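Q: Protein chains in written order, with the numbering used here: chain A, 1 to 142; chain B, 1001 to 1142; chain C, 2001 to 2445; chain D, 3001 to 3445. For glycine and all other residues, C-beta sits at the position ideal for the given N, C-alpha and C. Computed from a prediction, not measured in an experiment: that's the story for all the values here. Structure incoming, see below.
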Amino acid sequence: MDIKLIKKLIVLMQKSEMTEFKYRDDDFYISLKKEQLQVISSVQSKSAIEKEEEIKKPSKEKELIEIKSPMVGTFYCSPSPGAPPYVEQGQDVKKGDVLCIVEAMKVMNEIEAEFPCIIKKVMVKDAQRVEYGTTLFLVKKA
Amino acid sequence: MDIKLIKKLIVLMQKSEMTEFKYRDDDFYISLKKEQLQVISSVQSKSAIEKEEEIKKPSKEKELIEIKSPMVGTFYCSPSPGAPPYVEQGQDVKKGDVLCIVEAMKVMNEIEAEFPCIIKKVMVKDAQRVEYGTTLFLVKKA
Amino acid sequence: MFKKILVANRGEIALRVIRACKELGIKTVVVYSYEDRESIPVKISDEKICIGPSSSDKSYLNIVAIAEAVLQTNADAVHPGYGFLSENPSFAGVCRDLDVTFIGPPIPVMKHLSNKLEVKKQLKKTNIPTILGSDGIVQSAGEAKEIAEKIGYPVLLKAVWGGGGRGLRVIREEENIENAFLAAHEEARVSFGKADIYMEKFIEHPKHVEVQILADKFGNAIHLFERDCTLQRRHQKLLEESPSPFLSEEKRKEILDIALKIVRILNYENVGTIEFLLDEQENFYFIEVNTRIQVEHPVTETCTGIDIMKEQIKLAAGEKLNISQEDVSLKFHSMECRINAEDERFVPSPGKIEKLFIPGGPGVRVDTAIYSGCTVTPYYDSLIAKLIVRGNTRNEIIERMKRALDEFIVEGIKTNIQFFKKLISNNRFKNKDYDTNYIDRNFLK
Amino acid sequence: MFKKILVANRGEIALRVIRACKELGIKTVVVYSYEDRESIPVKISDEKICIGPSSSDKSYLNIVAIAEAVLQTNADAVHPGYGFLSENPSFAGVCRDLDVTFIGPPIPVMKHLSNKLEVKKQLKKTNIPTILGSDGIVQSAGEAKEIAEKIGYPVLLKAVWGGGGRGLRVIREEENIENAFLAAHEEARVSFGKADIYMEKFIEHPKHVEVQILADKFGNAIHLFERDCTLQRRHQKLLEESPSPFLSEEKRKEILDIALKIVRILNYENVGTIEFLLDEQENFYFIEVNTRIQVEHPVTETCTGIDIMKEQIKLAAGEKLNISQEDVSLKFHSMECRINAEDERFVPSPGKIEKLFIPGGPGVRVDTAIYSGCTVTPYYDSLIAKLIVRGNTRNEIIERMKRALDEFIVEGIKTNIQFFKKLISNNRFKNKDYDTNYIDRNFLK
């Protein structure tokens, strides 16, 4: 992917009155949309969109992936109060590592990494209530 | 991807009245969209638009111009039944020449040419009822 | 009964006429301006004829074009709706000459009622309560001063041929009367073409109450109870309700009886509205008769369950009124908000509607011709929807109106929905603590 | 009264609950699937919680997620709407354990009524008219044959734990009974998890009539008259009206009295519907009790002017019924068409709504959560709108429904609007010449 090209496109869009931009060729497809002041760019594959929506979705910083809560409940960063957190910012995790707990109706649901990655940011606080789809972590694929 | 081409396209879009642009060929597909202009602009140019709407509007065949009925009524091609028509297909007319009559409530309204032109087609039949905006003639500017 | 009615109007009221015709099995023709070519009335009418460009003068007020459309389509009646040509006796005359029915009262009645001063004099003679004032046209500033002294300040100067609040002047002190007279005179001349002015005692903190009437050509007349239209902005009604929250049962009976008496005196026929002012002592005074279907007629339809538009068409066709006074009851409380395309300073806000959700559910009626994607043009009235609710108590309709306003989503243009939320949530509304000047005094800076 | 109600449903019925709550001054929480994140109920609710992906199993049927949402939001009651968890005693039990009110009848009543055969036996003992049949579960094909011979062909085999028309078999001749018994048995087992089957005499050309009930915990119960729901497609109701066109005044009184008697026998509480079949001789037979608010409740709201949803919430909060039987009258005739997103062969047609005009004007109510630009998904029920009209006569509501269907514009997806136009224009509808099989016989090939 040619970052410079995309950057140029965004600058172009921001300066212009354009609100939407789509481009596709043999190698890639890009869609730019402008609504009021926001600029969002995303690269999506058509297959398994639902899957992506549920678990992870490219964030505004393109290289980061969101890990979302698979259920409504309470987020816990550690196995018990006072214990060290499962993961911290900057940490490398393997596929299957427990990232956190989401408690729903007294059941502690361990959320595991679906792929090896680096934790870039923890998006919710310990004991915070989360919905289905709330972003829990921003990660980078390892 | 040709950034200069896209830049040109965007400039083109901004200057034009287009709100959306899509292009696709064997190599690539592009789509540009622009929010509708505010009504204020159409209010400003109202008189011009209305004038155009009333009398002439470019048809699908670019070189032909539609002459429309300025009122609801009955179209007559000649001054009286049996008399020769004011104009016929292929005829050259001068500005101010009578093209036809539209009768409304017993009043015979003579419709005059607003510019010199050649009658390419008579679009309605003698004694046919017409609405405001019904196309009466297709003409070509002389 | 008519076979085909030509609808000489646009927007929600054109749609309202078409709805009534469809339910009666009558074909419709709608005439429209080029601007309105994609409107819902044009889309659903059996026939349609474009009669002119956007400007009302050249389309909806264009008598020749409408008459021509009548001839072309063989319509046997014309429904003028409200506004435009609905109170124009010349247009009614043209219809008569074309041998089609103008849906409204007989032409002589229409003409007579357009001279408010004459009507007032006539009714005063038969002991209908009218507001104290000049017995005729006030000819000069000097005469104005003389009469004002006799009836006492504050007084009101009004245009004989006026309407809609224009040509009105309130004078509270003698020193202002000369200038006021000259200004009102000039305004009347400019606005209505005739400068005639008369004077009335000014009623402080008045309420506006009107009685809906149905009358046939056989002398049968009934009322459909009253509407309160006190909430106005610069004499333009904004919110109406029925029954009136200001009338005691005793006064209600009295005002309804007087309204029917007026109908008999005037030999009135078709639908009509008798308007009254109510003062703080619950005295009421006749103001005028409206000879058309009114914007706020759904309030009464909703309370009584009677379809006024269908009744109007049947009456115009010469049918006998088949509802007796005993059949009419207030089945519900009802209230209407007039949703206008205008900003918070009441300035029209035309534009394209980008997103729309219209309230629904129990007890909610909406009369509108807008849809998502349509354009509200600056050429016509800014009324885009009438939101009417019904309920079993005044409290229920207030709560229902609030929730209906809450769920009303209009994006792309500005509306007065927010204004109504404020108006209705205010305790003064709930407590009936307002008069016809309330909005002007409290919501306009 | 409740302070905050959690709405455990979607679409028009979620919106209906929110409307009632707003009018009662109760805050709302709506739980929703990711698919529904841009829906109107989510937009206008005070609070909202996303509980799962599009699949109902993981969202609207996800008891754990909904219970967690209740805890998180401190809601003090849950409204289940219809469908989904509305008749699920386990979910009601979870609500009880969380110390929040499940808006519906008490759990033991709910449980008891889910066993149709037991209820039928119980009511038969108290001389409520029920359909002749087996007095319990039919254990074998042989027993089926025996009973059928006794009560006479044709007979009907029904799943004890079934509903919605599945697990039903009509047998007209002895030679078919063995295969039919085995098939019905297997279908019941697969569809409802329990294979239990019972037998009833099959009623030819039946009409479906149901009585709307309100009952408080103090033993006060009233009816809100009946609804006719005869027009069904494969046991799915499509058009309902009230009053029933098939009942004489005498029979109406009888059926309403019996319905109230059933309420007393069952110690029923909250809103409910008592369903009956009516045969060609105007004999009626109890079928079952529905323990939820029903899709077609607006028909009765529109006739009587009583807001059933608000009453349901007040009853669930333990309030005393403040409407007496004498206060209830049929103020209007009323009719509902269920507008579904489906093609002419009744196959669901999801997609994006590109253009929309919803009917309005006098006597029209629409309950819908769709808007222009929204997407009708394939994940849930295909019902997109309920179109309800009222009028003073059956003829008036037929004409009004026709014109409302005429002006209903939905582009982008297919709907059954065209089907309803055909259905209602047919003289057999006007002349009341139909039964519950009419649509299946005449509109399905």
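Counting only C-beta atoms, is GLY3206 of chain D closer than 8 Å to chain C at any point?
A: Numbered from 1 along the fourth sequence, position 206 holds the residue referred to as residue 3206 of chain D. In the sequence under discussion, the amino acid at residue 3206 of chain D is Pro, which differs from the Gly named in the question. By this cut-off, PRO3206 of chain D is not an interface position.
Q: Go to VAL1107 of chain B, then tell me how far its beta strand (DSSP E) extends in each direction, as first and last residue.
A: For the purposes of this step, residue 1107 of chain B is taken as the residue at position 107 of the second sequence. Counting along the chain, the beta strand (DSSP E) containing VAL1107 of chain B begins and ends at 1107–1112.
Q: Mapping the DSSP letters down to three states, classify PHE2346 of chain C as helix, strand or coil.
A: Here the question's residue 2346 of chain C lines up with position 346 in the third sequence. Reduced to three states, the DSSP call for PHE2346 of chain C is coil.
Q: Quick check: the Cα distance between LEU12 of chain A and LYS1008 of chain B, rounded to an integer number of angstroms?
A: On the first sequence, residue 12 of chain A is found 12 positions in, with the first residue counted as 1. On the second sequence, residue 1008 of chain B is found 8 positions in, with the first residue counted as 1. Cα to Cα, LEU12 of chain A sits roughly 11 Å from LYS1008 of chain B.
Q: Pull out every residue of the segment 1105–1128 of chain B whose Cβ sits closer than 8 Å to any Cβ of chain C, in chain order.
A: Close to chain C, meaning a Cβ-Cβ distance shorter than 8 Å, are the following residues of the segment 1105–1128 of chain B: MET1105, VAL1107.
Q: Does GLU1995 of chain C come within less than 8 Å of chain B when only Cβ atoms are used?
A: The requested residue 1995 of chain C does not occur in the structure, where chain C is confined to residues 2001 to 2445.
Q: Along the alpha helix (DSSP H) that carries LEU3266 of chain D, what are the first and last residues, could you check?
A: In the fourth sequence, the residue the question calls residue 3266 of chain D occupies position 266. It spans 3249–3266 - the alpha helix (DSSP H) in which LEU3266 of chain D sits, taken as one unbroken run.
Q: CA-CA distance, MET1123 of chain B and ASP1092 of chain B?
A: Here residue 1123 of chain B refers to the residue found at position 123 of the second sequence. Here residue 1092 of chain B refers to the residue found at position 92 of the second sequence. Each residue's Cα considered, the two are about 17 Å apart.
Q: Output needed for ARG129 of chain A: all residues of its chain with C-beta closer than 6 Å, excluding positions within five of it in sequence on either side, in chain order.
A: As a first step, residue 129 of chain A is located in the first sequence; it is residue number 129 there, counting from the start. Result list for ARG129 of chain A: THR74, in chain order.
Q: Residues of the segment 3062–3076 of chain D with a CB closer than 7 Å to any CB of chain A: list them in chain order, please.
A: VAL3064, ALA3065, ALA3067, GLU3068, ALA3069, GLN3072
Q: Determine the burial state of GLN2072 of chain C: buried for a count of at least 16 other Cβ atoms within 10 Å of its Cβ, exposed for fewer.
A: As a first step, residue 2072 of chain C must be located in the third sequence, where it is residue number 72. GLN2072 of chain C should be labelled buried.
Q: Output the boundary residues of the alpha helix (DSSP H) element that contains HIS2112 of chain C.
A: Translated into positions along the third sequence, residue 2112 of chain C becomes position 112. From DSSP, the alpha helix (DSSP H) with HIS2112 of chain C extends over 2107–2114.
Q: Using the C-alpha atoms, what's the distance from PRO3129 of chain D back to LEU3224 of chain D?
A: For the purposes of this step, residue 3224 of chain D is taken as residue 224 along the fourth sequence, with counting starting at 1. For the purposes of this step, residue 3129 of chain D is taken as residue 129 along the fourth sequence, with counting starting at 1. Those two C-alpha atoms are separated by around 21 Å.
Q: Is any beta-carbon of chain D found at less than 8 Å from that of GLY133 of chain A?
A: Position 133 of the first sequence holds residue 133 of chain A. Chain D contact via Cβ: present.
Q: To the nearest angstrom, how far is the alpha carbon of GLU3175 of chain D from that of ARG3169 of chain D?
A: On the fourth sequence, residue 3175 of chain D is found 175 positions in, with the first residue counted as 1. On the fourth sequence, residue 3169 of chain D is found 169 positions in, with the first residue counted as 1. Going from the Cα of GLU3175 of chain D to the Cα of ARG3169 of chain D covers about 14 Å.
Q: Which residues of the segment 2024–2056 of chain C have a Cβ closer than 7 Å to any Cβ of chain B? Give them in chain order.
A: TYR2034, ILE2049, CYS2050, ILE2051, GLY2052, PRO2053, SER2054
Q: How many whole angstroms separate the CB atoms of ILE3213 of chain D and TYR3268 of chain D, which I take to be in contact at a CB cut-off of 8 Å?
A: Taking the first residue of the fourth sequence as position 1, residue 3213 of chain D is located at position 213. Taking the first residue of the fourth sequence as position 1, residue 3268 of chain D is located at position 268. With a Cβ gap of about 7 Å, ILE3213 of chain D and TYR3268 of chain D count as contacting.
Q: How should PHE3181 of chain D be labelled, buried or exposed, when 16 other C-beta atoms within 10 angstroms of its C-beta is the threshold for buried?
A: Along the fourth sequence, read from residue 1 onward, the residue named residue 3181 of chain D stands at position 181. Counting Cβ neighbours within 10 Å, PHE3181 of chain D comes out buried, since at least 16 surround it.
Q: Mind pulling the chain D residues with CB within less than 8 Å of VAL87 of chain A?
A: Translated into positions along the first sequence, residue 87 of chain A becomes position 87. Per Cβ cutoff of 8 Å: no residues; VAL87 of chain A is ~23 Å from chain D at best.
Q: Assign ASN3009 of chain D to buried or exposed, taking buried as 16 or more other Cβ atoms, counted over all protein chains shown, within 10 Å of its Cβ.
A: Position 9 of the fourth sequence holds residue 3009 of chain D. Looking at its Cβ environment, which holds 16 or more other Cβ atoms inside 10 Å, ASN3009 of chain D is buried.
Q: Check the Cβ of GLU3407 of chain D against every Cβ in chain C and list those closer than 9 Å, keeping chain order.
A: The residue you call residue 3407 of chain D lines up with position 407 of the fourth sequence. Per Cβ cutoff of 9 Å: LEU2015, ILE2018, ARG2019, LYS2022, ILE2040, LYS2043, ILE2044.
Q: Return the chain-ordered list of same chain residues with a C-beta closer than 7 Å to the C-beta of GLU2301 of chain C, the five sequence neighbours on each side being excluded.
A: As a first step, residue 2301 of chain C must be located in the third sequence, where it is residue number 301. Correct list, in chain order: ASP2307, ILE2308.
Q: Just to confirm my understanding: we take SER2425 of chain C, look at its own chain, exclude 5 residues before and 5 after, and list those with CB closer than 8 Å. What are they?
A: Position 425 of the third sequence, counted from the start, is the residue given in the question as residue 2425 of chain C. Correct list, in chain order: LYS2402.
Q: If you run the structure through DSSP and keep just helix, strand and coil, what is MET71 of chain A?
A: Taking the first residue of the first sequence as position 1, residue 71 of chain A is located at position 71. Coil, per DSSP.
Q: Let me make sure I understand the geometry here. Which of D:GLY3305, D:ASP3343, D:PHE3102, D:ARG3019 has the alpha-carbon closest to that of SER3329 of chain D?
A: Taking the first residue of the fourth sequence as 1, we reach residue 3329 of chain D at position 329. Selected option, being the one with the closest Cα: D:GLY3305.
Q: Report the residue from D:ILE3384, D:GLU3407, D:GLY3361, D:VAL3410 whose alpha carbon sits nearest the alpha carbon of ARG3390 of chain D.
A: As a working note, residue 3390 of chain D is residue 390 in the fourth sequence. Here the closest residue by C-alpha is D:GLY3361.
Q: Just how far apart, CA to CA, sit TYR132 of chain A and GLU2210 of chain C?
A: For this step, residue 132 of chain A is matched to residue 132 along the first sequence. For this step, residue 2210 of chain C is matched to residue 210 along the third sequence. For TYR132 of chain A and GLU2210 of chain C, the distance between alpha carbons rounds to 56 Å.
Q: Locate the alpha helix (DSSP H) running through ASN2290 of chain C, then write down its first and last residues.
A: As a working note, residue 2290 of chain C is residue 290 in the third sequence. Taken as a continuous stretch (DSSP letters only), ASN2290 of chain C belongs to no alpha helix (DSSP H), being part of the beta strand (DSSP E) at 2284–2290.
Q: Within the 8 Å Cβ cut-off, does VAL2366 of chain C reach chain D?
A: Counting from 1 along the third sequence, the entry for residue 2366 of chain C is found at position 366. With 8 Å as the cut-off, VAL2366 of chain C counts as an interface residue toward chain D.
Q: Thinking C-beta only, is ALA2141 of chain C closer than 8 Å to GLU2187 of chain C?
A: Your numbering for residue 2187 of chain C matches position 187 in the third sequence. Your numbering for residue 2141 of chain C matches position 141 in the third sequence. No.
Q: Are ILE3287 of chain D and LEU3277 of chain D touching if we call contact CB-CB under 8 Å?
A: Here residue 3287 of chain D refers to the residue found at position 287 when the fourth sequence is read from its first residue. Here residue 3277 of chain D refers to the residue found at position 277 when the fourth sequence is read from its first residue. The answer is yes: Cβ separation under 8 Å.
Q: Mapping the DSSP letters down to three states, classify VAL2138 of chain C as helix, strand or coil.
A: The sequence position of residue 2138 of chain C within the third sequence is 138, counting from 1. Three-state result, VAL2138 of chain C: coil.
Q: Can a CB atom of chain C be found closer than 8 Å to the CB of LYS3355 of chain D?
A: Within the fourth sequence, residue 3355 of chain D is the residue found at index 355, counting from 1. True, the Cβ-Cβ gap to chain C drops below 8 Å.
Q: Answer yes or no: does any C-beta atom of chain C fall closer than 8 Å to that of PRO3362 of chain D?
A: For the purposes of this step, residue 3362 of chain D is identified with residue 362 of the fourth sequence, where counting begins at 1. At a cut-off of 8 Å, the C-beta of PRO3362 of chain D has a neighbouring C-beta in chain C.
Q: Can you list, in chain order, the residues of its chain with a C-beta nearer than 7 Å to that of ASN3427 of chain D? Leave out the 5 residues immediately preceding and following it.
A: Position 427 of the fourth sequence, counted from the first residue, corresponds to residue 3427 of chain D. Within the same chain, ASN3427 of chain D has no close Cβ partners at all.
Q: With H, G and I counted as helix, E and B as strand and the rest as coil, what does DSSP make of LEU3085 of chain D?
A: Reading the fourth sequence from its first residue, position 85 is the one you call residue 3085 of chain D. Looking at LEU3085 of chain D - three-state DSSP - the assignment turns out to be coil, as it is neither helix nor strand.
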